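Q: Protein chains in written order, with UniProt numbering: chain C, 1 to 500; chain R, 1 to 301; chain D, 1 to 299. Every residue, glycine too, gets a C-beta built ideally from N, C-alpha and C. Quick caveat, the model's predicted, so the values are computed rather than measured. After the structure tokens below, expect a handful of questions from me.
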Amino acid sequence: MTMPSHTAPTPAPAAVPARPAVDWPGSLKDAATAAFVALLLTVPLVGLRTVDRPTGLSIEARPDEVIASIVLVFLGRLGLGLIRQGLALPVLVLALAAAAVGLALPMPTQVLRLVLVAGGGIIALRAAITLTTGRSKLSQAERDRRMDRVAAKVQHATKYIAPVAIAFAVALPLTPLADRQLLDIGILLLTYIMLGWGLNIVVGLAGLLDLGYVAFYAVGAYSYALLAHYFGLSFWVCLPLAGVLAACSGVLLGFPVLRLRGDYFAIVTLGFGEIIRIILVNWYQFTGGPNGISGIPRPSFFGIADFTRTPPEGMAAFHELFGLEFSPLHRIVFMYYLILALALVVNVFTLRVRKLPLGRAWEALREDEIASASLGINRTNMKLAAFAIAAMFGGFAGSFFATRQGFISPESFTFIESAIILAIVVLGGMGSQIGVVVATLLVIGLPEAFRELADYRMLAFGMGMVVIMLWRPRGLLAHRDPTILLHGGKTPRVNAGAAR
Amino acid sequence: MDYFIQQLINGLSLGAIYGLIAIGYTMVYGIIGMINFAHGEIYMIGAFVALITFLAMGALGITWVPLALVVMLAASMLFTSVYGWAVERIAYRPLRSSPRLAPLISAIGMSIFLQNYMQLLQGARSKPLQPILPGNLTLMDGAVSVSYVRLATILITLVLMVGFTMLISRTSLGRAQRACEQDKKMAGLLGVNVDRIISLTFVMGAALAAVAGMMVLLIYGVIDFYIGFLAGVKSFTAAVLGGVGSLPGAMLGGVVIGLIEAFWSGYVGSEWKDVATFTLLVLVLIFRPTGLLGRPEIEKV
Amino acid sequence: MSVTEMTETPLLTVEHLTMRFGGLVANNDVSFVARTGEITALIGPNGAGKTTLFNCVTGFYTPTVGRLSLRHPDGREFLLERMPGYRIAQSGVARTFQNIRLFGGMSVLENLIVAQHNKLMDASGFAIAGLFGLPTYAKAEKAALELAKYWLERVRLTEFADWEAGNLPYGAQRRLEIARAMCTEPVLLCLDEPAAGLNPRESGELAEILTFIRDARNPNGHRTGVLLIEHDMSVVMRISDHVVVLDYGRKISDGDPTSVKNDPAVIRAYLGEDEDAELPPEVAGDLPASVVHPAPKEI
Ligand SMILES: Nc1ncnc2c1ncn2[C@@H]1O[C@H](COP(=O)(O)OP(=O)(O)O)[C@@H](O)[C@H]1O
Ligand SMILES: [Mg+2]
Chain C
1 MTMPSHTAPT PAPAAVPARP AVDWPGSLKD AATAAFVALL LTVPLVGLRT
51 VDRPTGLSIE ARPDEVIASI VLVFLGRLGL GLIRQGLALP VLVLALAAAA
101 VGLALPMPTQ VLRLVLVAGG GIIALRAAIT LTTGRSKLSQ AERDRRMDRV
151 AAKVQHATKY IAPVAIAFAV ALPLTPLADR QLLDIGILLL TYIMLGWGLN
201 IVVGLAGLLD LGYVAFYAVG AYSYALLAHY FGLSFWVCLP LAGVLAACSG
251 VLLGFPVLRL RGDYFAIVTL GFGEIIRIIL VNWYQFTGGP NGISGIPRPS
301 FFGIADFTRT PPEGMAAFHE LFGLEFSPLH RIVFMYYLIL ALALVVNVFT
351 LRVRKLPLGR AWEALREDEI ASASLGINRT NMKLAAFAIA AMFGGFAGSF
401 FATRQGFISP ESFTFIESAI ILAIVVLGGM GSQIGVVVAT LLVIGLPEAF
451 RELADYRMLA FGMGMVVIML WRPRGLLAHR DPTILLHGGK TPRVNAGAAR
Chain R
1 MDYFIQQLIN GLSLGAIYGL IAIGYTMVYG IIGMINFAHG EIYMIGAFVA
51 LITFLAMGAL GITWVPLALV VMLAASMLFT SVYGWAVERI AYRPLRSSPR
101 LAPLISAIGM SIFLQNYMQL LQGARSKPLQ PILPGNLTLM DGAVSVSYVR
151 LATILITLVL MVGFTMLISR TSLGRAQRAC EQDKKMAGLL GVNVDRIISL
201 TFVMGAALAA VAGMMVLLIY GVIDFYIGFL AGVKSFTAAV LGGVGSLPGA
251 MLGGVVIGLI EAFWSGYVGS EWKDVATFTL LVLVLIFRPT GLLGRPEIEK
301 V
Chain D
1 MSVTEMTETP LLTVEHLTMR FGGLVANNDV SFVARTGEIT ALIGPNGAGK
51 TTLFNCVTGF YTPTVGRLSL RHPDGREFLL ERMPGYRIAQ SGVARTFQNI
101 RLFGGMSVLE NLIVAQHNKL MDASGFAIAG LFGLPTYAKA EKAALELAKY
151 WLERVRLTEF ADWEAGNLPY GAQRRLEIAR AMCTEPVLLC LDEPAAGLNP
201 RESGELAEIL TFIRDARNPN GHRTGVLLIE HDMSVVMRIS DHVVVLDYGR
251 KISDGDPTSV KNDPAVIRAY LGEDEDAELP PEVAGDLPAS VVHPAPKEI
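Next comes the structure, spelled out in structure tokens:
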């Protein structure tokens, strides 16, 4: 199961690797090839930059950056090559040194610092692994098995983590820590968690790759905004309506395409997402076009009280109702609880539905459609149900988004939004509820925490998607527990891959 | 009538561009069965390399247009192919045997990465370029005027298509490529270096996309880091329309989409042209998922 | 109606079934019947069109020409050639696949529960009653679990109930697939080469399971007819009550095992010569199906 290693014929860990002669010419040639590719990649785009001048477009050369990248690629590749040839220790030291230099010394650009620290760190890690296990890297299967064990542990720990996390989330606004900014971030995270859990129903359970989930988010948001704008309906009336409308649009869009194969389906949903966005942009008489809709009413306290200092006729003021000092924060706290509740609804739904025939049929369809049909499962209906339910949750989230922002425009519903939500689901580990939370913290939380690097946010996001897929194609915390046990877990269940 | 011919030429040149990009999608799908979502970005890189090459030559004082065009074409194809190669090597090859979604997600990540990479390096503003190949060919006593660039686009595409078809059908490389499309494992057993063939497929696709990028730069005179997304989706539509896996199909699909777009813009209005394309994509997939020239696919139980 | 009469009425009637793929005629004017309480074996060399016939019966292909009717012991009748696959399954036809198709990532028990989808779906009120934990659903699920346990016991997989189905050994996967099909409580069970890849001991067990299915009444009281595609002649001759032989898509023989075994047409089809020989068990070839007719390339 393990990859043959060039260094250690004896698998004993920590054995001093029998040292074959280091193949210097080979390693150097390999590193030089990599450096040459780096040269070709960087010369046109990194080395030459277009600059806008008053006289028109002109160009500027940056040979230093090209040289830096080539040198770094050369050294990195050489280091990786040498690790495998018994020189792990020196490489480890050098890589750590590079990382330290990157951290400590002043650098001309942040990128260089990042490359030094990250690159040095990764190489050092590899070298360290080689030193301890005698292998330069884990094989895919081995890595997958280890991660699966971790994921299983996390999954089982969720029983205890979840109540704590929920209690924490509930208590957070009541602590003195809770200022406007923290609550805003909390709301943002919860919105994405809710969207992630919603999309998880389609992607994780039913196995349908939906690249246009944001369309339903948009339908929900615009439903509320337009209903409020044209008919003056309140948020509490519109919330279920938005859900219903989104679910209907899910059925409408889903019906014709559900029988398409995996990635065709993905592309069509992407097309639908774009169609809805283009309609929002172009039908400006109705939707306000690119300018969007502003002045979307804020929610009241369940139609009983309002969060303003002086509420309109016939409405109590929230702070008076509860005998509190007026604070603009009340509304934010209320919103926070609202989205927390909505997100938990999705979560509870998913947990329960997995144990119902509907949820089991979804998972069966994901595993094998043909076998499902042979058992009398109506594929179209089941998939439509998944699509509609996920769309409905998307619609709820959308109308929450509209009321929270008070302003919406098609800008908020681009493909990249869908990609982010999908990334949350897939990176977290398909079907894993806790995975969605972890991935949201990574994908949304981290960039919020490092706002000064905002420019690099999407760059890192894209790179992160690639790296996590390479590292663990099934997603970080992918792990599935059976929904029903005969022996109550007494007979140890064999993990994926162990008996194959 | 003259307006019609004008739109026809516009549609054909646009279609040639979509077709060139679509070939990359179709070949990659044919050989490894994945949608190379980052292919639109490759085309965008092609356009940028062409622009930068032109500017660099200007800075070096080379202004003779024919030379400039040839160098642009060569540089764009060369450097862009390296990007195509690198994308496959880094983001897709390790995922060959993974669950089906993994390479697609990786490709989406790659696409987002490349877009932002370009934005960071070259700026978010769109890049205007003065016409390199100005002038029109007037026909029918001046009733129809066709710009030289558009004509050149159609011509170059035709030449490339002929050459490319020869490459695929006549050379041993093309034979190996087709063999891998049929059955990678068997081809491997028979001594075809499958990895190399797959790399070459990406390189060829990227080179053609680079040509498309350069053409767009010449025709429209303005590019930005975001052009890859829409063009990518539309070209994918073209590939599906023509029948995924079929090279002439990709070209045909591209032309059909180009024509629809041109006539839609010309007679209906340009705001809704993208809806027209996407609707077409949906309709084709629903009613004829094998496309115009594709082979039917049977679910084997 | 008396019991004997009921067994007399054919369960499945195939009339003039023809299935074409372009120029290739995979089934050519095939007619036969299968009865409740019998094992009907469908044999023939590789590529004879047996799997294709199954796919027509179970709705994965729509026959080019022909009539397929299913008559339940209670008299209800279904015209299978007009129904989509999942409806055919709902009307009491279950099947297994030549290349095992389990829900590999789900547990063994879950595979059996999924098989009872329609029953449970009704009980859960399209998930609504289930979501709110109403007692009707709890009861139905308990009954489903009992049925699953019954079949787990029958195919001797009880101790593996909580395993991932994909991790089971090959023979166990074959048995699980049969159990899963039986959990749909079918009146007709179609088995596509269930003994392929099994060792002699395992195929002996399989034969036992099949005769059990034929002879026993299900927990719900009705009996199941079996339609069996099999290459292993020892199994076929031992357990089947009725044998239909296909060759190049045509039916060349039909009758009880002994008469079929001695039918010159059958011997010719298998051996290519009019030899007076016993059918060797491995004549049909043990090549894996993928070698004989590779799956069409997926685009
Ligand atoms: N979906 C299909 N498309 C085209 N030909 C098929 C298809 N399914 C089966 N065939 C052909 O029909 C013939 C009978 O196949 P099959 O029914 O699988 O035979 P077997 O008796 O071995 O099960 C074979 O020649 C096979 O190639
Ligand atoms: Mg067969």
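In terms of residue numbering, what span does the alpha helix (DSSP H) encompassing Glu-202 of chain D cover?
A: Locating residue 202 of chain D in the third sequence gives position 202, where the first residue counts as 1. Per DSSP, Glu-202 of chain D belongs to the alpha helix (DSSP H) from 200 to 215.
Q: Does the separation of the CB atoms of Val-144 of chain R and Gln-7 of chain R fall below 7 Å?
A: For the purposes of this step, residue 144 of chain R is taken as the residue at position 144 of the second sequence. For the purposes of this step, residue 7 of chain R is taken as the residue at position 7 of the second sequence. No, they are not a contact pair.
Q: What is the DSSP secondary structure of Ser-418 of chain C, counted as helix, strand or coil?
A: In the first sequence, residue 418 of chain C corresponds to position 418, counting from 1. Looking at Ser-418 of chain C - three-state DSSP - the assignment turns out to be helix.
Q: Any beta-carbon of chain D closer than 7 Å to the one on Arg-360 of chain C?
A: Indexing the first sequence from 1 puts residue 360 of chain C at position 360. Chain D, which has a Cβ nearer than 7 Å to the Cβ of Arg-360 of chain C, makes this yes.
Q: Please list the residues of the region 52 to 63 of chain C that have a C-beta atom closer than 8 Å to any C-beta atom in chain R, keeping them in chain order.
A: Correct list: Asp-52, Gly-56, Leu-57, Ser-58, Ile-59.
Q: Residues with a Cβ closer than 5 Å to any heavy atom of ligand 2, in chain order?
A: Result (chain order): D:Thr-51, D:Gln-98.
Q: Starting from the beta carbon of Thr-483 of chain C, find every residue of chain D whose beta carbon is closer than 7 Å, and list them in chain order.
A: Within the first sequence, the letter at position 483 stands for residue 483 of chain C. Glu-110, listed in chain order.
Q: When you compare the CB positions of Ala-22 of chain R and Ala-238 of chain R, do they come within less than 7 Å of one another, or not?
A: Along the second sequence, one-based indexing puts residue 22 of chain R at 22. Along the second sequence, one-based indexing puts residue 238 of chain R at 238. A contact, by the Cβ cut-off of 7 Å.
Q: From D:Leu-131, D:Val-14, D:Val-25, pick the residue whose C-alpha is nearest to that of Gly-49 of chain D; which is it?
A: For the purposes of this step, residue 49 of chain D is identified with residue 49 of the third sequence, where counting begins at 1. Looking at the Cα atoms, D:Val-25 is the closest of the given residues.
Q: Determine the direct distance from the alpha carbon of Gly-291 of chain R to that of Ser-246 of chain R, and round the result to whole angstroms.
A: Mapped onto the second sequence, residue 246 of chain R falls at position 246. Mapped onto the second sequence, residue 291 of chain R falls at position 291. If I take the Cα positions, the gap works out to 9 Å.
Q: Looking at chain R, is there any beta carbon in it that lies within less than 7 Å of the beta carbon of Gly-462 of chain C?
A: Taking the first sequence and counting its residues from 1, the one referred to as residue 462 of chain C is at position 462. Yes, Gly-462 of chain C lies at the interface with chain R (some Cβ there is under 7 Å from its Cβ).
Q: Check each residue of the region 170 to 200 of chain R: if its Cβ is closer than 9 Å to any Cβ of chain C, include it; give the result in chain order.
A: Listed in sequence order: no entries.
Q: Distance check for Leu-281 of chain R and Arg-354 of chain C, CA to CA, integer angstroms please.
A: Position 354 of the first sequence, counting from 1, holds the residue named residue 354 of chain C. Position 281 of the second sequence, counting from 1, holds the residue named residue 281 of chain R. Approximately 34 Å between the Cα atoms of the pair.
Q: Residues bridged to Lys-153 of chain C by DSSP?
A: By 1-based counting over the first sequence, the position of residue 153 of chain C is 153. Lys-153 of chain C is not bridged to any residue.
Q: Using only the alpha-carbon positions, how far apart do Ile-227 of chain R and Thr-165 of chain R sit?
A: Here residue 227 of chain R refers to the residue found at position 227 when the second sequence is read from its first residue. Here residue 165 of chain R refers to the residue found at position 165 when the second sequence is read from its first residue. If I take the Cα positions, the gap works out to 28 Å.
Q: Mind checking whether the beta-carbon of Ala-26 of chain D lies closer than 6 Å to any heavy atom of ligand 1?
A: Within the third sequence, numbered from 1, the residue matching residue 26 of chain D stands at position 26. Yes, since a heavy atom of ligand 1 falls inside the 6 Å radius drawn around the Cβ of Ala-26 of chain D.
Q: Listed in chain order, which residues of the region 83 to 96 of chain R have Cβ atoms closer than 9 Å to some Cβ of chain C?
A: Listed by position, the residues of the region 83 to 96 of chain R near chain C (Cβ gap below 9 Å) are Tyr-83, Trp-85, Ala-86, Arg-89, Ile-90, Ala-91, Pro-94, Leu-95.
Q: Taking only beta-carbon positions, decide if Ala-34 of chain D is within less than 7 Å of chain C.
A: Looking up residue 34 of chain D in the third sequence gives position 34. Chain C, which has no Cβ nearer than 7 Å to the Cβ of Ala-34 of chain D, makes this no.
Q: Just to confirm my understanding: we take Asn-111 of chain D, look at its own chain, exclude 5 residues before and 5 after, and list those with CB closer than 7 Å. What are they?
A: The residue labelled residue 111 of chain D in the question sits at position 111 within the third sequence. Closer than 7 Å at Cβ, skipping near neighbours: Leu-102, Phe-103, Ala-165, Leu-176, Arg-180.
Q: Any contact of the region 79 to 89 of chain D with the region 55 to 70 of chain D, i.e. 3+ C-beta pairs under 8 Å?
A: They touch, by the three-pair rule.
Q: Can you give the beta carbon distance from Met-430 of chain C to Gly-109 of chain R, rounded, assuming they're within the 8 Å contact cut?
A: In the first sequence, the residue the question calls residue 430 of chain C occupies position 430. In the second sequence, the residue the question calls residue 109 of chain R occupies position 109. With 8 Å as the limit, Met-430 of chain C and Gly-109 of chain R do not qualify as a contact, their Cβ atoms being about 16 Å apart.
Q: Could you list which residues in chain B have their beta carbon closer than 7 Å to that of Tyr-117 of chain R, in chain order?
A: The question asks about chain B, but that chain is absent: this structure's protein chains are C, R and D.
Q: Taking only three categories from DSSP, how would you classify Asn-136 of chain R?
A: Numbered from its first residue, the second sequence carries residue 136 of chain R at position 136. Three-state result, Asn-136 of chain R: strand.
Q: Three or more beta-carbon pairs under 8 Å between the region 245 to 263 of chain C and the region 76 to 87 of chain R, yes or no?
A: With the cut-off at 8 Å, the region 245 to 263 of chain C and the region 76 to 87 of chain R do not touch.
Q: Can you find the residues in the same chain that come closer than 7 Å, C-beta to C-beta, to Thr-201 of chain R, ignoring five residues on each side of it along the sequence?
A: What you label residue 201 of chain R is simply residue 201 of the second sequence in a count that begins at 1. These residues qualify, in order along the chain: Met-27, Val-28, Ile-31, Gln-177.
Q: Nearest-angstrom Cα distance between Asp-23 of chain C and Gly-81 of chain C?
A: Here the question's residue 23 of chain C lines up with position 23 in the first sequence. Here the question's residue 81 of chain C lines up with position 81 in the first sequence. For Asp-23 of chain C and Gly-81 of chain C, the distance between alpha carbons rounds to 9 Å.
Q: Note the first and the last residue of the continuous beta strand (DSSP E) segment covering Gly-212 of chain C.
A: Locating residue 212 of chain C in the first sequence gives position 212, where the first residue counts as 1. Neither: Gly-212 of chain C is in no beta strand (DSSP E) and is coded neither H nor E.
Q: In terms of residues, what are the limits of the beta strand (DSSP E) holding Val-443 of chain C?
A: Start at 1 with the first residue of the first sequence, and residue 443 of chain C comes out as number 443. Looking at the DSSP string, Val-443 of chain C is not in any beta strand (DSSP E), and its letter there is neither H nor E.
Q: Give a yes or no on whether the C-beta atoms belonging to Ala-388 of chain C and Ala-221 of chain C are separated by under 7 Å.
A: For the purposes of this step, residue 388 of chain C is taken as the residue at position 388 of the first sequence. For the purposes of this step, residue 221 of chain C is taken as the residue at position 221 of the first sequence. Contact flag unset, no.
Q: So for His-479 of chain C, helix, strand or coil by DSSP?
A: Within the first sequence, the letter at position 479 stands for residue 479 of chain C. Note: His-479 of chain C maps to coil in three-state DSSP.
Q: Using the Cβ count rule (16 or more neighbours within 10 Å means buried), how would you classify Ala-478 of chain C?
A: Counting from one through the first sequence, the residue named residue 478 of chain C turns up at place 478. It counts as buried.
Q: Alpha carbon to alpha carbon, what distance is there between Gly-294 of chain R and Pro-128 of chain R?
A: Along the second sequence, read from residue 1 onward, the residue named residue 128 of chain R stands at position 128. Along the second sequence, read from residue 1 onward, the residue named residue 294 of chain R stands at position 294. Going by the C-alpha atoms only, they are around 39 Å apart.
Q: Would Ile-9 of chain R pass as a contact of Ala-209 of chain R if the rule is Cβ separation under 7 Å?
A: Taking the first residue of the second sequence as position 1, residue 9 of chain R is located at position 9. Taking the first residue of the second sequence as position 1, residue 209 of chain R is located at position 209. No, the pair does not count as a contact, with Cβ atoms beyond the cut-off.
Q: Measuring straight from C-alpha to C-alpha, what distance separates Ala-8 of chain C and Gly-76 of chain C?
A: For the purposes of this step, residue 8 of chain C is identified with residue 8 of the first sequence, where counting begins at 1. For the purposes of this step, residue 76 of chain C is identified with residue 76 of the first sequence, where counting begins at 1. Residue placement at Ala-8 of chain C cannot be trusted, given a pLDDT of 39 that sits under 50; what the coordinates show is reported in the next sentence. Spanning the two alpha carbons is a distance of roughly 22 Å.
Q: Per the DSSP calculation, Cys-190 of chain D is bridged to which residue(s)?
A: Here the question's residue 190 of chain D lines up with position 190 in the third sequence. DSSP output for Cys-190 of chain D lists D:Arg-95, D:Leu-227 as bridge partner(s).
Q: Please identify the residue among C:Gln-433, C:Leu-340, C:Leu-441 whose C-alpha is closest to the C-alpha of Phe-396 of chain C.
A: The residue you call residue 396 of chain C lines up with position 396 of the first sequence. With distances taken between Cα atoms, Phe-396 of chain C lies closest to C:Leu-340.
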